[in-house]
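What follows is a set of notes on a single structure, which appears directly below.
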Amino acid sequence: MQALAVPGWLLAFWLGLHPAPGVAAGKWLLAHYMPWYTAPPVSSRWGWHWTMNHFDPEIRDDTGRRQIASHYYPLSGPYDSADPAILEYHVLLMKLAGLDGVIADWYGPDDYLDYARIHERTILLFDWTRRAGLQFCLCYEDRTIARMIEGGYIPASAAITRARAALLEAETRFFTRPGYLRWQDRPVLLNFGPVYFTGDQWPAIFTALQPGNAPAFFTLDRRVTGATGAFNWPPMWAAATNAGVLHPQALRDYLDGFEQKAAAWPAFVSTAFPRFHDIYAQAGVGPSYGYLDDANGDTFRHTLHRALTNRALLVQIATWNDFGEGTVIEPTLEFGYRDLIHIQQARRQFLDPAFPYGPEDLELPLRLLQLRRRDAGRPEVAEELDQVFAMIVAGRLAAARALLTALEQYRPLLRSWAIEGDTLELTVGGYRSGQGVEIQCTTQPLEDTWIPVARNTNDPRATVFRLPLPREGPPLFFRARNL
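By the count of our numbering, the sequence shown reaches residue 894 at its end, each step adding exactly one.
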């Protein structure tokens, strides 16, 4: 209980306050993010990444679980990557887990297949990471160039020109904006490959950019011409020699070899991952890439601790939400918040001993998401939920928790107060009924002696009440209730 003492009386009511967290020193910790999902009602139909042209999310089991292209099921349910409520949910989870930001898997801006939709969703994701105070960078998939050529969308002679145009779009939309990750004053750019271009073609592609935006460039597994370094990834190709199962020793050998190569580079990215369990064979897309066991969380713990303690510039977690390959750390029905709790613990151990958040805090974003869905179309509730978002970002979790509880229970909340002379100003938040709000007062809060002192029925959405205060007398307690 927060109490304010003034001459002759005392005002008291619940206020949830929490100091804002500090910024951790050391290497960046980012999650590789797939912004490629489409789903009703945001989109008109379910996208390929939920169906793989085999599964039907309109079919539900007895528990209400939809049929999707994954062995794992998001705690939020399957979603559209353009849904602002989902983006809010994700960035708040990242913030509370101790992530510094995201690496967005980006297919360029071209209107071919679903690339333009992914681009639009990547822009939305960037906006939400900035709102949450998170970092952002891109991982460009140059395999898109190969697919556009194979599909007859562009001629092979236009490949470099098209890649330059894509990076010019990245420069305009991302590289030059606040919140984009930079190293040595250069934007950080990953490439999942190269798949189409050879190493010596990248410097020619980068000439389209302003000199200050030539990227700190990281490619997959090996450093190519013009790259700063490389990043590793689950080496599922090594599972082929063990009946499709990646053996822990083969994984260690791969990581050892990568770090030995990386010792000669200016910088490198080290990747941590929880498992690999794709659904491609079951969906009829093609053969499975192989299987890496979750090992009750040990795979993630070991790869994360290794990445945090080597000399990598940044740590990439693969992935936040690639449900098709099962590498997700996003909360699921199967694993709950387990992997995010590992990140919290590792951040405290290796990066920031004062990191303030714990496992119970990870539940707040889902409560917010559920209220967004329950009260969709109610602007007065949306305003309160916007306040919850701001409170969580600012580290004021007790205040966020109190406001969420009030909204869940359909009751108002005395959110703040101020005193000017002999006048008390109360701001009412929480859930406010259409009939209005009443302020009640007592000197005996543990007894049922509350009396009405103000009400508002003319404008039920009004939130501010001004009351006269006596200069003398016993402590006064106030509460709000819906009429």
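Glycine residues also receive a C-beta, built at the ideal position from the N, C-alpha and C atoms.
When the beta-carbon positions are compared, A692 and H465 stay at least 7 Å from each other. Residue range R597 to N602 is occupied by the beta strand (DSSP E) that includes P598.
Per DSSP, G640 is one residue of the beta strand (DSSP E) stretching across G640 to F642.
Ranked by Cα distance from R784, the options M445, Y448, I497 and G458 are led by I497. The beta carbon of G737 is closer than 8 Å to those of S481, H482, Y483, R686, F687, H688, D689 and I690 in its chain, skipping five residues each way along the sequence. Less than 7 Å divides the Cβ of D553 from the Cβ of F608. Taking a cut-off of 8 Å on C-beta distances, the region 581-594 touches the region 541-560, as three or more cross pairs fall below it. The residue from Y842, D632 and R573 with its alpha-carbon nearest to that of D667 is D632. In this chain, the beta strand (DSSP E) harbouring F876 covers V875 to P879. Within the DSSP secondary-structure output, D516 pairs in a beta bridge with C550. Classified as exposed, E831 has fewer than 16 neighbouring CB atoms from the shown chains inside 10 Å of its CB. For the set G788, T838, R892 and T854, the Cα lying nearest the Cα of P886 is the one of T854.
When C-alpha distances from Y551 are compared across L780, V599 and R541, the shortest belongs to V599. If you ignore the 5 residues before and after P605, its C-beta comes within less than 7 Å of the C-beta of D553, T630 and V635, all in its own chain and listed in chain order. In this structure, Y444 and I534 do not form a Cβ contact; the two beta carbons are roughly 13 Å apart against a cut-off of 8 Å. In chain order, A650, G701 and Y702 place their CB closer than 7 Å to the CB of V656, counting only its own chain and leaving out the 5 sequence neighbours on each side.
Counting only runs of 4 or more residues that sit fully inside the region 817-850, no alpha helix (DSSP H) segment turns up. For I616, there is no enclosing beta strand (DSSP E); the enclosing alpha helix (DSSP H) covers residues W613 to F617.
Using a C-beta cut-off of 8 Å, the region 555-566 makes no contact with the region 500-511, since fewer than three inter-stretch Cβ pairs fall below that distance.
Here W648 is exposed: its Cβ has fewer than 16 other Cβ atoms, across all protein chains shown, within 10 Å. Annotation: the continuous beta strand (DSSP E) that includes R890 extends over L887 to N893.
Taking a 10 Å sphere around the C-beta of E883, we find fewer than 16 other C-beta atoms and assign the residue as exposed. Ranked by how close their Cα comes to the Cα of I862, the residues E849, T868 and N869 have E849 in first place. In the DSSP annotation of this structure, L536 is not part of any beta strand (DSSP E); the continuous alpha helix (DSSP H) holding it starts and ends at Y526 to R542. Listed as beta-bridge partners of S455 by DSSP are no residues whatsoever. By the 16-neighbour rule on beta-carbons within 10 angstroms, D859 is exposed. Annotated three-state conformation of Y591 is strand, per DSSP.
Under the criterion of beta carbons closer than 8 Å, L524 and L578 do not qualify as touching, at roughly 19 Å. The residue from R541, R877 and Q478 with its alpha-carbon nearest to that of V804 is R541. Within 10 angstroms of the beta-carbon of R758 lie 16 or more other beta-carbons, which makes it buried. Between P823 and G841, the beta carbon gap of about 4 Å places them in contact (Cβ cut-off 8 Å). Comparing alpha carbon positions, the residue from P879, L779 and L751 closest to D833 is P879. In the structure shown, H688 falls within a strand segment according to DSSP collapsed to helix, strand and coil.
Restricting attention to Y821, F889 and P767, the CA atom closest to the CA of E836 is found in F889.
According to DSSP, I728 shares a beta bridge with A442 and A683. Here Q660 is exposed. Its C-beta has fewer than 16 other C-beta atoms within 10 Å.
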